[in-house]
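Residue numbers (the working numbering): 44 to 498.
Shown next, in the form of structure tokens:
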């Protein structure tokens with residue numbers, strides 16, 4: 044009868060020694076060999092008629108090793124289950140377990156494994172957070188109304204560039220400092236809004252017509268993020284010194300300007316088909332509500348972010364770090380060096396601690412994710428992908444159900460969705476418990492908080 048001996052060898056690290064005796068595995072080895080003989084395809088012999096001695100000679104050692112290791116694994120797993128030992132990953136062999144296995148001298152064997160134990164810890168969910176309320180200004184409403192008028196406007200092709208919202212189709216042709224075209228230089232079409240040029244340069248563009256040519260020094264014509272975008276469009280690396288000092292001739296191939304939709308009932312109905320909007324004041328109020336709803340959603344996400352950081356920073360979790368590093372060294376398809384493991388470990392540790400925290404809180408709060416939750420999540424993702432234009436349609440349409448059926452067969456989608464929904468449910472529960480202090484904030488200040496805090 045096999046035995047397992049447990050001893051502590053380090054912080055949250057135990058050694059399990061599995062001892063198996065000949066009678067634990069030998070009978071199964073002989074049976075496996077007989078099965079092998081029945082199914083073996085060996086040239087010169089009919090199937091199932093291969094002499095037992097030949098089968099043993101050809102395959103015996105491999106079958107013997109498999110049977111011994113299978114018996115060890117069985118005993119190990121049974122012990123972990125019976126003793127209710129919660130471990131990380133899987134047991135790591137402490138030596139080469141195949142050494143010394145000989146079918147011609149079957150014996151009693153002893154195998155040692157190392158296990159990393161999951162720690163006990165407590166989570167304090169009394170979390171102080173700030174609920175930011177973004178102040179929606181008239182300027183923000185004006186900008187959004189203007190954006191909607193352009194989005195639902197009509198594209199025109201004026202003769203002359205007169206507006207900063209004008210879209211130019213251009214060809215960038217690289218030239219030297221004297222304005223001569225470089226034979227091996229860049230020659231690339233692109234499109235750019237006039238307002239993306241640096242304010243000091245726009246006068247060089249306004250008043251131009253189709254086929255006109257503009258001389259452009261990149262660092263002068265564009266600034267900051269617009270310059271980064273143009274460099275990327277041209278296939279240039281912004282980190283290379285002097286790359287923004289290149290010169291180009293910009294040939295205008297097309298001038299496009301969206302004629303803004305007029306404010307009126309027809310426009311209001313196009314933008315908000317499910318609402319009855321008669322006046323500009325009603326329209327502006329609806330735009331304001333939309334902006335407020337957007338920022339309320341962002342504020343909710345930001346609270347979740349504060350909860351995330353608080354839980355990680357204020358939950359003390361001991362880990363069997365040396366075991367985990369050894370496990371990382373031996374797991375994965377590509378073998379990693381100790382240096383690579385040391386570099387990756389802080390990030391791995393962070394993820395592992397977060398996983399332990401969410402698992403514990405999910406269990407404590409009895410959070411469940413049903414197949415219907417995942418089906419609805421699949422549909423919702425499709426709604427978002429199609430710009431939420433489908434919410435006016437019947438949600439029970441057959442093609443939508445077929446789409447959900449298809450996604451439910453995608454194992455990766457189901458697993459990813461399960462984790463996302465479970466985490467979202469957990470955050471919603473925690474959000475109800477936190478102590479939230481309300482604070483009014485401008486959109487710019489709120490954006491900088493979103494930029495600096497994320498997970």
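We put the CB at the ideal spot given by N, CA and C, even for glycine.
Taking C-alpha atoms, which residue in the options lies nearest to residue i?
i           : options               : result
residue 358 : 281, 189, 404 and 214 : 404
residue 59  : 123, 76 and 108       : 123
residue 96  : 321, 378, 73 and 139  : 73
residue 171 : 246, 345, 197 and 283 : 345
residue 257 : 415, 388, 265 and 247 : 247
residue 32  : 417, 400 and 384      : Residue 32 lies beyond the range of the chain shown here (44 to 498); nothing can be said about it.
residue 334 : 120, 51, 57 and 185   : 185
residue 151 : 44, 183 and 166       : 44
residue 178 : 443, 491, 487 and 493 : 487
residue 330 : 311, 459 and 348      : 311
residue 490 : 337, 68 and 326       : 337
residue 371 : 135, 50 and 244       : 135
residue 482 : 85, 228 and 339       : 339
residue 181 : 415, 428, 332 and 458 : 332
residue 142 : 93, 125, 454 and 105  : 105
residue 503 : 87, 373 and 378       : This structure does not reach residue 503, given that the chain is present from 44 up to 498, and the question cannot be answered.
residue 402 : 125, 378, 466 and 440 : 466
Looking only at its chain, what residues have a beta carbon closer than 6 Å to the beta carbon of residue i, apart from the 5 residues adjacent to it on each side?
i           : result
residue 306 : 323
residue 408 : 472
residue 102 : 79
residue 235 : 211
residue 255 : 295
residue 199 : 300 and 302
residue 207 : 237 and 238
residue 353 : 170
residue 480 : 173
residue 69  : 149
residue 259 : 291 and 293
residue 221 : none
residue 261 : 287 and 289
residue 274 : 281
Report all residues from its chain with a CB closer than 7 Å to the CB of residue i; omit the five preceding and five following residues, and keep chain order.
i           : result
residue 46  : 62
residue 98  : 76, 79, 80 and 83
residue 276 : 233
residue 470 : 347 and 350
residue 420 : 460 and 464
residue 90  : 84
residue 476 : 168
residue 50  : 57 and 58
residue 368 : 384 and 388
residue 65  : 149, 150 and 151
Are the beta-carbon atoms of residue i and residue j separated by less than 8 Å?
i           : j           : result
residue 174 : residue 398 : no
residue 249 : residue 205 : yes
residue 412 : residue 456 : no
residue 271 : residue 281 : yes
residue 129 : residue 161 : yes
residue 422 : residue 447 : yes
residue 264 : residue 284 : no
residue 132 : residue 159 : yes
residue 111 : residue 144 : yes
residue 115 : residue 154 : yes
residue 410 : residue 468 : yes
residue 156 : residue 117 : no
residue 395 : residue 362 : yes
residue 146 : residue 107 : yes
What does a CB cutoff of less than 8 Å around residue i pick up in its chain, not counting 5 residues either side in sequence?
i           : result
residue 209 : 201, 236, 237, 298, 299 and 300
residue 478 : 169, 170, 171 and 172
residue 365 : 53, 54 and 56
residue 451 : 414, 417, 418, 421 and 457
residue 278 : 229 and 231
Return yes when at least one heavy atom of the ligand FMN lies under 7 Å from the C-beta of residue i, else no.
i           : result
residue 414 : No copy of the ligand FMN appears in this structure; indeed no ligand is present at all.
Review point. How do the segment 191 to 205 and the segment 384 to 391 stand: do at least 3 beta-carbon pairs fall below 8 Å, yes or no?
Key: no
Check your understanding: Considering only residues of the segment 255 to 280, which uninterrupted beta strand (DSSP E) runs meet the minimum length of 3 residues and lie entirely inside it, listed in chain order?
Key -> 256 to 260
Practice item. Please specify which runs of the alpha helix (DSSP H), each continuous and at least 4 residues long, are wholly inside the segment 338 to 401, giving them in chain order. Key: 364 to 373
Practice item. Only counting runs of 4 or more residues, tell me where the alpha helix (DSSP H) segments fall wholly within the segment 69 to 125, in order along the chain. Key: 95 to 125
Point to revise | Unbroken stretches of the beta strand (DSSP E), 3 residues or longer, contained in the segment 176 to 262 | key: 197 to 199, 210 to 218, 230 to 236 and 256 to 260
Practice item. Entirely within the segment 293 to 325 and at least 4 residues each: give me those alpha helix (DSSP H) ranges in chain order. Key: Listed in chain order, they are 308 to 314.
Review point. Of all the beta strand (DSSP E) runs that stay within the bounds of the segment 411 to 461, which reach a length of 3 or more residues?
Key: Qualifying beta strand (DSSP E) stretches: none in this window.
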